[in-house]
Amino acid sequence: MAPAVTTLAADAPALSAANTGFMLICSALVMLMTPALAFFYGGMVRVKSTLNMLMMSFISLGIVTVLWVLYGFSVAFGTDIGSVVGWSTDYLGLSGIGVTELWDGYTIPVYVFAVFQLMFAVLTPALISGALADRVKFTAWALFVTLWVTVVYFPVAHWVWGAGGWLFEMGVIDFAGGTAVHINAGAAALGVILVIGKRVGFKKDPMRPHSLPLVMLGAGLLWFGWFGFNAGSWLGNDDGVGAVMFVNTQVATGAAMLAWLAYEKLRHGAFTTLGAASGAVAGLVAITPAGGSCSPLGALAIGAIAGLVCALAVGLKYRFGYDDSLDVVGVHLVGGVIGSLLVGLFATGGVQSDAKGLFYGGGLEQLGKQAVGVGAVLAYSLVVSALLALAIDRTMGMRVDEDDEVSGIDQVEHAETAYDFSGAGGGASGRKPEAPAPATAENPRSKNQKVDA
-19 MAPAVTTLAA DAPALSAANT GFMLICSALV MLMTPALAFF YGGMVRVKST
31 LNMLMMSFIS LGIVTVLWVL YGFSVAFGTD IGSVVGWSTD YLGLSGIGVT
81 ELWDGYTIPV YVFAVFQLMF AVLTPALISG ALADRVKFTA WALFVTLWVT
131 VVYFPVAHWV WGAGGWLFEM GVIDFAGGTA VHINAGAAAL GVILVIGKRV
181 GFKKDPMRPH SLPLVMLGAG LLWFGWFGFN AGSWLGNDDG VGAVMFVNTQ
231 VATGAAMLAW LAYEKLRHGA FTTLGAASGA VAGLVAITPA GGSCSPLGAL
281 AIGAIAGLVC ALAVGLKYRF GYDDSLDVVG VHLVGGVIGS LLVGLFATGG
331 VQSDAKGLFY GGGLEQLGKQ AVGVGAVLAY SLVVSALLAL AIDRTMGMRV
381 DEDDEVSGID QVEHAETAYD FSGAGGGASG RKPEAPAPAT AENPRSKNQK
431 VDA
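Residues -19 to 433, numbered by this note's numbering, are exactly what the sequence shown covers, in order.
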């Protein structure tokens, strides 16, 4: 993510219509990622939890948008205070920003930068929801999102991308959100599930995805939206860095998908659609922090490593007994860690910055910086998220009742079901079906006999 920089008045850039239009398109693409995530997660749960899973993503569009306008943009990207948070009264309510006022050092308006960053803030808590499927009260989830973005996401975004943020000043490279988005969300997911516990029937009852076509649709839309997420994070299109990031996004994602599928075939004997979708997302996650600093060959290696390691990591929940419903920890936390650390190996020094990784003669310095960034964000998000979940659980209760969980959270929390099997198109005619005719020599089919298609 390109940070704000201070420029002299004589060197101040002029507003670029091309870059402004490009960034508005990228913002719309990132917005699309939240509904895409809803479909991706919604297809992975059982029928009785589909709507709740969709709503846990969609509600973030409302809550985080309002908070971002009121104070979130100020905390994340305002004037630095102690290298920990930002604060600018002009950003409160976005009320003190001129229509043509430019983001410092760039050719796009502050409003455009603010709305682009808003879409990142919306998506990040939605990522957490996949780990909590089937069992969390919707009101408790809405409160958690409100508190979490306030005390975790907004400050961490400042650490990583804000001018004066301590990780930014240290030189930690995170092009588009490996630490601030994916490690942040994955660690939060782990912290919450350690507090709220397992689903009823975990490791006993089948909990297979109810709609793999929805999963594939969501994954495809995520892949599409991710080009805005990654390429747009350079905040312009003048020097080719965004183009490199675009290429690296595609390369890493393809490599990760193939690596995951190869692992599945060797381990389980089949290439699954769920594996293809999960592998693609693992590659997208891993290249997010690294794609602006590596070559396409480096992106290929990063994607392949992420696809293999994340495929291995999703099985850890069964070994260690934590119920990460939709593999947020295994894909987003692990993938974010992989991508962030591999910057320290594959950074060429010739794309977004002159920082070089170990494989390009840079020694271990950048790897050490990346490790500090990974560890700091992981630890902070894990601990604070667990404390927030614990506080909510002790006051209003975080989980639905066991009977409600078993019967279906959609009916309990939303008074709806995703599919109406009894209505029009469901096969019901509203009258009692006629009894089947008895089998005769002329009509050999009986109700117990199979009818060929």
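Think of the CB as a built atom: it goes at the ideal place given N, C-alpha and C, for glycine as much as any other residue.
Straight-line Cα distance separating residue j from residue i
i	j	result
Val363	Met187	29 angstroms
Thr(-14)	Trp83	Note that Thr(-14) scores a pLDDT of 47, beneath 50, so its modelled location is shaky and nothing firm can be said.
Phe339	Thr268	20 angstroms
Thr375	Ile77	39 angstroms
Thr45	Leu215	20 angstroms
Phe38	Ala(-3)	31 angstroms
Gly158	Met196	23 angstroms
Ile176	Gly341	46 angstroms
Ala8	Ser361	27 angstroms
Thr328	Gly343	12 angstroms
Val55	Cys274	31 angstroms
Val221	Gly66	27 angstroms
Asp114	Leu292	24 angstroms
Tyr86	Met225	18 angstroms
Ile372	Met24	26 angstroms
Phe251	Glu393	36 angstroms
Phe155	Asp383	45 angstroms
Leu322	Gln230	17 angstroms
Ala106	Gly166	11 angstroms
Thr189	Asp218	A small fix is needed here, since residue 189 is Pro in this sequence, not Thr. Spanning the two alpha carbons is a distance of roughly 43 angstroms.
Pro(-7)	Ala351	35 angstroms
Val294	Val311	7 angstroms
Gly171	Tyr71	31 angstroms
Pro193	Leu368	35 angstroms
Phe182	Ala169	17 angstroms
Val331	Thr14	29 angstroms
Leu202	Ala232	14 angstroms
Asp185	Phe20	22 angstroms
Ala207	Cys6	One detail in the question is off: residue 207 reads as Phe in this sequence, not Ala. Their Cα atoms are separated by approximately 8 angstroms.
Phe300	Gly52	36 angstroms
Arg179	Leu296	16 angstroms
Ala366	Leu41	23 angstroms
Gly142	Ala242	40 angstroms
Val95	Val314	28 angstroms
Ser68	Phe209	25 angstroms
Asp400	Gln391	12 angstroms
Leu254	Ala262	12 angstroms
Member of the options whose CA lies at the smallest distance from the CA of residue i
i	options	result
Val129	Gly145, Phe100, Asp154	Phe100
Gly287	Asp303, Leu296, Leu306, Leu264	Leu264
Pro89	Ala335, Ser361, Trp146, Phe2	Phe2
Met35	Ala8, Glu396, Phe401, Val55	Glu396
Ala266	Ile282, Gly52, Ser258, Gly301	Ile282
Leu74	Thr253, Leu50, Arg379	Leu50
Glu81	Val152, Thr0, Phe20, Arg26	Thr0
Met150	Ser402, Gly348, Ala398	Gly348
Leu31	Val116, Phe57, Val92	Val116
Leu370	Asn210, Ala235, Ile173	Ile173
Thr119	Phe182, Ile389, Gly142, Ala398	Ile389
Ala235	Arg247, Leu246, Ala257, His248	Ala257
Arg379	Ala122, Val95, Tyr399	Ala122
Met33	Lys183, Met237, Ala18	Ala18
Val289	Gly272, Ala260, Gly271	Ala260
Val444	Ala335, Ser213, Tyr298	One cannot answer for residue 444 here, as it falls past the ends of the chain, which runs -19 to 433.
Phe204	Ala16, Ala398, Tyr399, Ala242	Ala16
Gly377	Phe124, Ala242, Gly42	Phe124
Ile43	Arg179, Phe300, Thr104, Ala223	Thr104
Leu47	Val131, Gly22, Leu4, Phe326	Val131
Leu280	Gly319, Gly316, Leu254, Asn228	Asn228
Ala223	Pro276, Met237, Ala199	Pro276
Arg240	Gly278, Ala284, Leu4	Strictly speaking, residue 240 in this sequence is Trp, with Arg absent from that position. Cα-wise, what sits closest to Trp240 is Ala284.
Per DSSP, cross-strand counterpart(s) of residue i
i	result
Thr328	Lys336
Asp60	Gly66
Val116	Arg379
Pro89	Leu82
heavy atom of the ligand FMN below 7 angstroms from residue i C-beta
i	result
Arg374	Here there are no bound small molecules, and the ligand FMN is not part of this structure.
C-beta neighbour in chain D for residue i, strict 8 angstroms
i	result
Thr69	Given the protein chain composition of this structure (a single chain), no chain D is represented.
*At a cut of 8 angstroms, does the segment 130 to 142 reach the segment 352 to 363 through at least three beta carbon pairs?*
Two segments are said to touch when three or more pairs of C-beta atoms, one from each, lie closer than 8 angstroms; by this definition the segment 130 to 142 touches the segment 352 to 363.
*Would you list, in sequence order, the uninterrupted beta strand (DSSP E) runs of no fewer than 3 residues that lie entirely inside the segment 252 to 310?*
List check, beta strand (DSSP E) in window: nothing returned.
*asked:* Across the segment 156 to 174 and the segment 96 to 110, are there enough close Cβ pairs to call them in contact, namely three or more that are closer than 8 angstroms?
replied: With the cut-off at 8 angstroms, the segment 156 to 174 and the segment 96 to 110 touch.
*asked:* Going residue by residue through the segment 146 to 215, where are the continuous alpha helix (DSSP H) segments of at least 4 residues, counting only ones entirely within it?
replied: Counting whole runs of 4 or more residues, the segment 146 to 215 contains the alpha helix (DSSP H) stretches 146 to 150, 164 to 176, 192 to 211.
*Hey, is the segment 108 to 128 in contact with the segment 291 to 307, meaning 3+ C-beta pairs nearer than 8 angstroms?*
Yes, they touch.
*Please determine if the segment 145 to 158 and the segment 62 to 73 are in contact, where contact requires at least 3 C-beta pairs separated by less than 8 angstroms.*
Contact between the segment 145 to 158 and the segment 62 to 73 is established, with three or more Cβ pairs separated by less than 8 angstroms.
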